[in-house]
Structures are given as C-alpha cells and as structure tokens.
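Undergrad:
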Ligand SMILES: *Cc1c(COP(=O)(O)O)cnc(C)c1O
C-alpha cells in the first residue's frame, strides 16, 4: 500500500517540478461569457461553447422536456434495451445537417473516434495521421493495432511520402487480405486554430486509394453554409468517407458523432465497440444536441457566427496575427516555457480573466501557450478588456 502511495507521490512531484501539474477549478455557475469560481466572477475565454448554446434557453428546454418524457437515464446500450426516440431524432437531424445518408451518435467525440477507427482498421492496415491530431485519434490508432505513420503538420509532401509507402505495402498484400490505407486529420486544429488543406489531402487520398476521416470538432457549427463545417465550406464533404465531430462544442450539448453512408453507419452499429458496449447517453443530452443543430442552422445561428468571427478578428488584428480566410475561434499565444504559460494564466486570473495554460501532453513540450477561445456571447468591450489586460501583463 505504501509503495503504491509513494509511487503516485513521486509522479505527482515530478509533474509539479516540470510545471505540468493540473488541477480542477470548481465553477459554481453555468458555462458562459462569465463563470464563477471561488465566489469571484471571471470573464471566460476558455470554453469551446463557440456559439454560446450550452446555456441557451432552447437547449435547456429541450433537455427538460426529454427528461420529463424519457427520464434521466437510458437504461442500457441502445442495442440491448431499445433505442430511445431522442437518439433517432438527433441522428436524423445530424444527417440532414451534414447532408449525409446517415449518422451514428456516441457518448463523446472521444468514444466516436475510438469506436470508428478500431472498427475500420486492424493490424494489417496502415493509418496515416497528422502530427497534431487530437489525443482520441492517437489513442484509437494505437488501440486499432494498425501500423501508424505520422505526417508533419499539414505537410502535403510528407503525407504523399507516407501514402506512397503505404500504397506499396498495400500492393504487396494478397488480394484476400488487402491492406487498407486510412488517413485521419482534423479540419480546424484544436490547439492552433489553423485549417487542414482538405482539397489537396483529398487529391492525394484519391491518387493513392486511401480512405479519409475528418474530425470537425472545432469547425462544426462555425464554418460552411449554416455551420455545416469546413468540408462543406470547401465543397468536399462528399469525398470524405467518414465525417466525425462532437456535439459538445459549438452545438452546445454533449456526445460525439460519425456521419457518412448508410453502409458505414450500419457497419459501425455492428462493430464499433465504444457504441455497442456502453450505456447510451442520457436522453436529455441527445435532445439538447438536436436543439443545438436546429439553432445552428437558423438565422440566429448566422448572427451568432457573425459575432463570433467579429470577436476573433478584432482580437487577431489587434495583436497583429495574420488574418487568414479561415478565421477560427481559437487563438494560441505561444509562450514556449511551461512555467511562463502557467504564470501568465495566473496573472490573468488575478485580473478576473480566465484563459487556460495549455501544456504537454496536450501540446508538445516547450510549446506551452495560452489558448484563447472566443464565443458569440463576447462583446467588443470583453475583447478590449482582454487585450488591455494582456498588454499590461505579457510584455
Ligand atoms: C474535443 C475534441 C474531441 C473529443 O470530443 P469530446 O466530445 O469532447 O469527447 C475530438 N477531437 C477533437 C479535435 C477535439 O477537439
């Protein structure tokens, strides 16, 4: 028992020494433009609730209504005790939103990545991932047992090299045991806010006969017509075999999804272990997500997106960051040193502004940063306050 405690203490002391120790901060309010921590109110630039839907009346009402009709819990896996109507309504709404034949929802985006990737590739296959993809994709790739190749972030030449190698392997395989080559990338990267060159990636995947999965966690609700995502904005949705994302960011609720062909969804319903062997999410979450999708596509959604883009671009032009065509809501202020990032976040908190310090293993060692995220609920004054505070603190 003692050696167990000693071992953990030792690891935690190590983390503290490297400024990598993390702790939870209890929030006593809803997520929103302001959050309350320890009796103090903070201006919040930390959330992925980009459109401010997490505490929108329409989502709350949908969740309450679902609880009243369907109860608090789901009972079992959807394949065991029957599949509650709110999940079917959600999947129909998602498929319409993403203009795909079908959709399948999971308890989280993390579970969606794990379930889909492990169902689709195995030890004889090759999975090629961008260096900066989210941990859930890395974990899924490892769990799948496939051969993993990592291409330099958004580097098409490196991707082509990896695909050439995989293609050779595939051609050497027997007809019966054909090797599958599978590319996974994000559309908007979670910690840098930059975009993947999806059109060019699609050209390469077609050239080398690979399949493509795109994680739109930070683009769904924000880019494309009615917030359909970056693939829609670039007109390439139909060439992506597997579209993945979360219901927990711009859509304001919780859960993960895969959108694609009816065949893909039938396959995953039978083979995605994180779907099959897990209790269905609470019906309230599904109902809230359906309301979030509806709102994202409405004229209200259009004005929320306009405000979000205005906030992010006000900030970016003030700090002299290049304004790309793809204006994401994520702005990293890279400080490098872990201790520096932690100290900067602490100083901001002392001024009642909440911005998270992002460190290893979320980003590479020595690439620690403040990750500023904007939402549609921020005002011009909020952005000005953040800028003034940053200017005074981080010279
Ligand atoms: C947040 C995130 C996920 C995971 O989604 P959850 O619903 O939070 O589990 C997956 N991919 C990316 C890129 C993310 O940022």
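Residue numbers (the working numbering): 8 to 402.
A virtual CB, placed ideally from N, CA and C, is assigned to each residue, including glycine.
Within this structure, are the beta carbons of residue 65 and residue 348 separated by less than 7 Å?
TA: no
Undergrad: Count the other CB atoms, across all protein chains shown, that sit within 10 Å of the CB of residue 391; report buried if there are 16 or more and exposed otherwise.
TA: It counts as exposed.
Undergrad: Please state the DSSP three-state secondary structure of residue 388.
TA: helix
Undergrad: Are there any heavy atoms of ligand 3 lying less than 6 Å away from the beta-carbon of residue 224, as far as the coordinates show?
TA: Among the ligands in the structure shown, ligand 3 does not appear; only ligand 1 can be found there.
Undergrad: So, are the CB atoms of residue 56 and residue 307 less than 7 Å apart?
TA: no
Undergrad: Quick one: what does DSSP say residue 138 is sitting in, helix, strand or coil?
TA: Note: residue 138 maps to coil in three-state DSSP.
Undergrad: Beta carbon of residue 134, beta carbon of residue 140: below 7 Å?
TA: no
Undergrad: In terms of DSSP beta bridges, what is residue 378 paired with?
TA: 339
Undergrad: Shorter than 6 Å, the distance from the beta carbon of residue 263 to the closest heavy atom of ligand 1, or not?
TA: Flag set: Cβ of residue 263 near ligand 1.
Undergrad: Less than 6 Å between the CB of residue 406 and some heavy atom of ligand 1, yes or no?
TA: Because residue 406 is not part of the residues shown, which for the chain are 8 to 402, the question remains open.
Undergrad: Any chance the CB of residue 41 is under 6 Å from a heavy atom of ligand 1?
TA: no
Undergrad: Quick one, are the C-beta atoms of residue 259 and residue 27 less than 7 Å apart?
TA: no
Undergrad: So, using beta-carbon positions, are residue 236 and residue 226 closer together than 7 Å?
TA: yes
Undergrad: Counting Cβ pairs closer than 8 Å, one from the stretch 142 to 159 and one from the stretch 310 to 317, do we hit at least three?
TA: No contact exists between the stretch 142 to 159 and the stretch 310 to 317.
Undergrad: Does ligand 1 have a heavy atom nearer than 6 Å to the CB of residue 151?
TA: Residue 151 has its CB no nearer than 6 Å to any heavy atom of ligand 1.
Undergrad: I'd like to confirm something about residue 197: is its beta-carbon nearer than 6 Å to some heavy atom of ligand 1, or not?
TA: Yes, the beta carbon of residue 197 sits closer than 6 Å to at least one heavy atom of ligand 1.
Undergrad: If we call anything under 7 Å between Cβ atoms a contact, is residue 380 one with residue 337?
TA: yes
Undergrad: Do residue 293 and residue 113 have their C-beta atoms closer together than 7 Å?
TA: Contact: no.
Undergrad: Leaving out five residues before and five after residue 32 in sequence, what residues of the same chain have Cβ atoms less than 6 Å from its Cβ?
TA: 44
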